[in-house]
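A short worksheet on the structure shown next.
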Amino acid sequence: MNMVKETKLVEGGLLDHRFNYFKTKEEIKENPNDETGSSCILKLTRDYEIKDEFATNTSQVTNVSLPVIVNVMNKHLLKSD
Numbered sequence: 037m038n039m040v041k042e043t044k045l046v047e048g049g050l051l052d053h054r055f056n057y058f059k060t061k062e063e064i065k066e067n068p069n070d071e072t073g074s075s076c077i078l079k080l081t082r083d084y085e086i087k088d089e090f091a092t093n094t095s096q097v098t099n100v101s102l103p104v105i106v107n108v109m110n111k112h113l114l115k116s117d
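Start counting the sequence shown at 37; every next residue gets the next number (the working numbering).
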């Protein structure tokens, strides 16, 4: 089973810091190397656009939220069985 979630900011957040566009995509895929089916692969993609004069603001794009996202997804998947 493969699952994809895309989130696009339409106001606030990073858009308040001169980003023109910001989208996050989370993909969960079956691990082809796990014959037991008890693990998966998580791919996180961030796509954004910002004017050159505000390029220093890109330091605000971090992976700090990644452990939180993974934990929530893990709990959801374990409840779904």
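Just so it is clear, CB atoms sit at the ideal spot from N, CA and C, and this is done for glycine as well.
Self-check item: Residue burial classification, I77 (beta-carbon count within 10 angstroms, cutoff 16)
Solution: Translated into the one-based positions of the sequence shown, residue 77 becomes position 41. It is exposed - the Cβ of I77 has fewer than 16 other Cβ atoms within 10 Å.
Quiz item: What separation, rounded to the nearest whole angstrom, lies between the Cα atoms of D70 and I105?
Solution: Here the question's residue 70 lines up with position 34 in the sequence shown. Here the question's residue 105 lines up with position 69 in the sequence shown. When rounded, the distance between both Cα atoms is 22 Å.
Exercise. Answer with buried or exposed for F58, where buried requires no fewer than 16 other C-beta atoms within 10 angstroms of its C-beta.
Key: The residue you call residue 58 lines up with position 22 of the sequence shown. So F58 ends up on the buried side.
Quiz item: Beta carbon of L45: closer than 6 Å to some heavy atom of the ligand MG?
Solution: Looking for the ligand MG in the displayed structure turns up nothing, as the structure carries no ligands at all.
Self-check item: L80 - DSSP class collapsed to helix/strand/coil
Solution: For the purposes of this step, residue 80 is taken as the residue at position 44 of the sequence shown. In the structure shown, L80 sits in a strand (DSSP, three-state: E or B).
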